[in-house]
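Convert by adding 1106 to the 1-based position in the sequence shown; the result is the number in the working numbering.
Cβ atoms here follow ideal geometry from the backbone N, Cα and C, with glycine treated the same way.
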Amino acid sequence: MIDSRGYYGEFGGAFIPEMLHPNIAELQRRYLEISQEEGFEQQFRKLLKDYVGRPSPLYYAERLSKHYGTNIYLKREDLNHTGAHKINNTIGQILLAQRLGKKRIIAETGAGQHGVATATVCALMGVECIVYMGAVDIERQAPNVSRMRMLGTEVRPATSGSQTLKDATNEAIRDWINNPEDTHYIIGSVVGPHPYPDMVARFQSVISEEMLWQLKEQTGSEDPDIIVACVGGGSNAAGSYYHYLEKDHVRLVAVEAAGLGVHSGESAATSVLGTKGVIHGSRTLLMQTDDGQIIEPYSISAGLDYPGIGPMHAHLIHTGRAEAVSITDQEALDAAFFLARTEGIIPALETAHAFAALDKIKYKADDVIVVNLSGRGDKDLGTYVKHF
């Protein structure tokens, strides 16, 4: 759990420009108080149930289990409204922004799922929305760009650097610095200055909260042996780990993007390649040169194409509580096609990395493994068709 200064061990904190200090200080002071109010909790839970469609199913993947010789369950976040876990957090943050009196919302997005989820809740609440997205990601995630625009959101391209998630985040922060009074920044992952990593993890914790009773119902025990989730910033992983963090007998597996290979120079495997540094407001593990310049990441999946990792995950990996696994583009593609043709489920490219990890981790025949199926693959069909 995070401490009073916003740290998980030695990772976290709030490294922010002076112009944002009032906003961050207000969030730090009020986010727990507001989110624990009875009215907020009731509205949040009602929207998750009636609008998002929760609880998301926990599905026993019979053919996949038979192939791997163990027991594999899929937490079906892909069945949420908008097609991913991201909507859990954006529902929570739009309700928070309303109570803070903010009239304008900004966000960053990589794969586009957080952008769509933010655009969705802003349309629902009638709030102005601007989403920053790397120019490269706008091209490779065109369906999600169209969805955001149909929902009435302005999509602004980030044209600096690698023109991907990192650069979109930079642009969103610049916007917030220029518009601090009326704007709330809905960060989409467990990254950024405190309180964002903790706040996003809490809103996403509904994933593991449901897993507790769903596993009890299906297996007789609340606890799986292994939880597997992909990690870029890591919000879906944070949500699926949350209620198991202090249960040391439950193995946590964080799956990163190795791109063309961990040491190929075209990778986003932060746990292997990263060193301690500061990015986007928090101290974490970061891919950087010896003099602190960010090394451009690469992954076929836009949502994992990030040079850092959330401070919670940096702490979990650094202390050995979580195991990090690195998966290449090709391994992820192979896993996506295998899942599609084994279980009739097309996963997002990000999620496909988690499934590929099943070929790399050790497990027993009687183990219960939960894979967080964080998003559906409609948005990635343009990439998949190139590999038919």
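Of the candidates Ile1400, Ala1408, Ala1363 and His1386, Ala1363 places its Cα closest to the Cα of aspartate 1435. Contact fails between the region 1247–1267 and the region 1293–1307, because fewer than three Cβ pairs, one in each stretch, are under 8 Å apart. Taking 8 Å as the cut-off, the Cβ atoms of lysine 1208 and tyrosine 1412 do not count as close. Taking 8 Å as the cut-off, the beta carbon of arginine 1280 is found no closer than this to the beta carbon of alanine 1408. Inclusion of serine 1346 and methionine 1317 in the CB contact set at 8 Å is warranted, their separation being smaller than that value.
If you check the CB distance, threonine 1188 and threonine 1215 do not come in under 8 Å.
For isoleucine 1193, DSSP assigns no beta-bridge partner whatsoever. Contact between the region 1341–1358 and the region 1312–1329 is present, with at least three C-beta pairs closer than 8 Å. Within the region 1140–1195, complete beta strand (DSSP E) segments of at least 3 residues are found at 1164–1166 and 1177–1182, given in chain order. Listed in chain order, the beta strand (DSSP E) runs fully inside the region 1318–1348 are 1332–1336, counting runs of at least 3 residues. For proline 1249, the uninterrupted alpha helix (DSSP H) run begins and ends at 1248–1256, by DSSP. Here the alpha carbons of lysine 1466 and glycine 1383 stand approximately 29 Å from one another. In the structure shown, the three-state DSSP call for isoleucine 1475 is strand. When the Cα atoms are used, serine 1377 and serine 1480 turn out to be separated by approximately 20 Å. The three-state secondary structure of phenylalanine 1117, taken from DSSP, is strand.
Of Leu1487, Leu1445 and Gly1483, the smallest CA-CA separation from glutamate 1168 is found for Leu1445.
Within the region 1378–1437, the complete alpha helix (DSSP H) segments of 4 residues or longer fall at 1417–1425, listed in chain order. For the 8 Å CB-CB criterion, glycine 1119 and isoleucine 1108 do not form a contact. Residue nearest to lysine 1470 within the set Arg1357, Tyr1166, Gly1483 and Pro1286 is Arg1357 (criterion: CA-CA distance).
Under the three-state reduction of DSSP, alanine 1375 is assigned to coil, being neither helix nor strand. If you ignore the 5 residues before and after asparagine 1342, its C-beta comes within less than 6 Å of the C-beta of His1191, Ala1335, Asn1478 and Ser1480, all in its own chain and listed in chain order.
Looking at the backbone, the Cα of isoleucine 1333 and that of arginine 1389 are separated by about 25 Å.
Here arginine 1135 carries a helix assignment [DSSP, helix/strand/coil]. Comparing alpha carbon positions, the residue from Gly1218, Thr1176 and Leu1206 closest to aspartate 1486 is Gly1218. Between lysine 1322 and glycine 1258, the alpha-carbon positions lie close to 42 Å from each other. Distances from the CA of glycine 1365 to each of Glu1144, Tyr1113, Val1431 and Asn1276 were compared; the closest alpha carbon is that of Val1431. Apart from sequence neighbours up to five positions away, the residues of its chain that approach alanine 1374 with a beta-carbon distance below 8 Å are Gly1338, Glu1362, Ala1363, Ala1364, Gly1365, Met1393, Pro1403, Tyr1404, Ser1405, Leu1410, Asp1411, Tyr1412 and Pro1413, ordered along the chain. Taking C-alpha positions only, glycine 1232 is separated from arginine 1160 by approximately 23 Å. Taking 8 Å as the upper bound for CB-CB distance, isoleucine 1415 and alanine 1462 are not in contact here, some 18 Å apart. In this structure, alanine 1307 keeps its C-beta atom at 8 Å or more from the C-beta atom of tyrosine 1291. Counting the other CB atoms within 10 Å of its CB gives valine 1242 a total of 16 or more, which places it among the buried residues. Here the alpha carbon of valine 1251 sits roughly 11 Å from the alpha carbon of tyrosine 1238. Ranked by Cα distance from valine 1222, the options Ile1122, Asn1276, Arg1135 and Met1256 are led by Met1256.
Note that the C-beta distance between isoleucine 1178 and isoleucine 1451 is not below 8 Å. Here histidine 1355 is not bridged, per DSSP, to any residue.
The shortest C-alpha to C-alpha distance from lysine 1492 to any of Thr1457, His1459, Leu1439 and Ala1460 is the one to Leu1439.
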